[in-house]
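S.K.: Numbering (my numbering), first residue to last: 3 to 317. Below is a structure I'd like to ask you about.
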Amino acid sequence: MARESFGIGGVRIRAGTVRALELPITRLVTGADVTLPVRVVHGREDGPTVWINAAIHGDEVAGVEVVRQVMAGLDPKSFRGTLVAVPIVNVLGFMTGDRYLPDRRDLNRSFPGSARGSLAGRIAHLFMREIVAGCEVGIDLHTGSDRRSNLPQVRADLDDPRTRELAAAFGAPVMLHAKIRDGSLRHAARERGATVLLYEGGENLRFDDYAVEAGVAGVRRVLAALGMTDAVVEPPVEDSLECRSSGWVRARRTGILHLDAHLGQKVSDGERLGTLFDSFGKTLRAVYANRDGIVIGRTEAPLVNSGDAVVHIAS
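Below, the structure written as structure tokens:
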């Protein structure tokens, strides 16, 4: 008996096929339509229904490339289950390289949204109704923001056995037990019963190869762990380092930062991470680690003000 077709956005997708479609969002002042791009792989055989999305923040572009590479390697005739891919959620921000929407709202603080709310609320509502409602697992792809780079990492509720299992399957260098923020996609989707992994890696507005490669390999491992694909041969990784908390080291002076700490470096409390200089090279202050742990994020901005976050350390 043939597998039932998959419905989304008023469209039915036959088993064993791939279908691209667009979900209406709004209209520009010029009259042009703005739509949410979606691509669905509806496998011939039964299996889980999973979504993968990127660019909830319009300047976080690396996840778009992760989605492209993952989708390029899937064959719907041998695929088990259904994968719904949304490479660009914040379409308006993506077109202008902006993290936020035109009304300056953060889309990832606007879930679950409202059909008659702000633009951010309407996009969030559309995503929840058309994507999340039909899926049991989701992977939300992010990068660092505001000239910060992140070590490839999965942030998730590691106290939930199912979530922990999939986070470990992803195989990022670090899996961080992260509190759920109100208004985030992860929070709203979990309230609907979905298991959600949030992937962080790289810097905004860049295709950092290390972050893209780790993201693609991780998503493929999760799909294999869910039985949707055969086991894939990916570069071997060590077991993910589990971290239960994290915090930023902040600059104690304003100056020009020379940062020695690199992503993935293990550091000790009090260890020197870099130095702040003035414009003539006079040393103003050293930057020290405030805990034992691993560097999972760092600023890429050479000019910092007192109080700016410069190194993110997970314990």
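Glycine residues also receive a C-beta, built at the ideal position from the N, C-alpha and C atoms.
In whole angstroms, what is the alpha-carbon distance linking residue 191 and residue 260?
M.R.: Rounded to whole angstroms, residue 191 to residue 260 spans 40 Å at the Cα level.
S.K.: Looking at residue 55 and residue 143, is the spacing between their C-beta atoms short of 8 Å?
M.R.: Their beta carbons are under 8 Å apart, which means residue 143 touches residue 55 by this criterion.
S.K.: Mapping DSSP to helix, strand and coil, what is residue 177?
M.R.: Residue 177: strand per DSSP, three-state reduction.
S.K.: Within its chain, find whatever has a CB closer than 8 Å to the CB of residue 162; leave out the 5 residues flanking it on each side and keep chain order.
M.R.: Counting only Cβ-Cβ distances below 8 Å, and skipping sequence neighbours, we find 197.
S.K.: Would residue 298 and residue 316 be called neighbours here (beta carbons separated by less than 8 Å)?
M.R.: Yes, they are a contact pair.
S.K.: Using the C-alpha atoms, what's the distance from residue 93 back to residue 66?
M.R.: C-alpha separation (whole angstroms): 12 Å.
S.K.: Quick one: Cα of residue 313 to Cα of residue 68, how far?
M.R.: Those two C-alpha atoms are separated by around 25 Å.
S.K.: Would residue 31 be called buried (16 or more neighbouring beta carbons within 10 Å of its own) or exposed?
M.R.: It counts as exposed.
S.K.: Measuring alpha carbon to alpha carbon, tell me which of 64, 37 and 28 ends up nearest residue 208.
M.R.: If we check each option's Cα against that of residue 208, 64 comes out closest.
S.K.: Tell me which same chain residues have a C-beta within less than 6 Å of the C-beta of residue 16, skipping the five on either side of it?
M.R.: The residues are 7.
S.K.: Mark residue 180 as exposed unless 16 or more other C-beta atoms lie within 10 angstroms of its C-beta, in which case mark it buried.
M.R.: Burial call: buried.
S.K.: Is it buried or exposed for residue 248, if we count other Cβ within 10 angstroms and need 16 for buried?
M.R.: That one is buried.
S.K.: Excluding five sequence neighbours on each side, which residues of the same chain lie with their C-beta closer than 6 Å to the C-beta of residue 171?
M.R.: 223, 224 and 227.
S.K.: Would you grab the beta carbon distance between residue 13 and residue 23 for me? Rounded to a whole angstrom, and I think it's under 8 Å.
M.R.: Residue 13 to residue 23, Cβ: 5 Å. Contact.
S.K.: Taking Cβ to Cβ, would you say residue 119 is nearer than 8 Å to residue 130?
M.R.: No, the pair does not count as a contact, with Cβ atoms beyond the cut-off.
S.K.: Identify, in the order they occur along the chain, each residue of the same chain with its Cβ nearer than 6 Å to the Cβ of residue 140, setting aside the five sequence neighbours on each side.
M.R.: If we look at residue 140 and ignore the five residues flanking it on each side, its Cβ neighbours are 53, 191, 196 and 198.
S.K.: At what residues does the alpha helix (DSSP H) containing residue 212 begin and finish?
M.R.: Note, residue 212: alpha helix (DSSP H), 211-227.
S.K.: What first and last residue would you give for the alpha helix (DSSP H) that runs through residue 187?
M.R.: Counting along the chain, the alpha helix (DSSP H) containing residue 187 begins and ends at 187-193.
S.K.: Return helix, strand or coil for residue 6, following the three-state DSSP convention.
M.R.: Coil.
S.K.: With H, G and I counted as helix, E and B as strand and the rest as coil, what does DSSP make of residue 59?
M.R.: Coil at residue 59, not helix or strand.
S.K.: Using beta-carbon positions only, say whether residue 201 and residue 234 come within less than 8 Å of one another.
M.R.: Cβ distance not < 8 Å, so residue 201 and residue 234 don't count as in contact.
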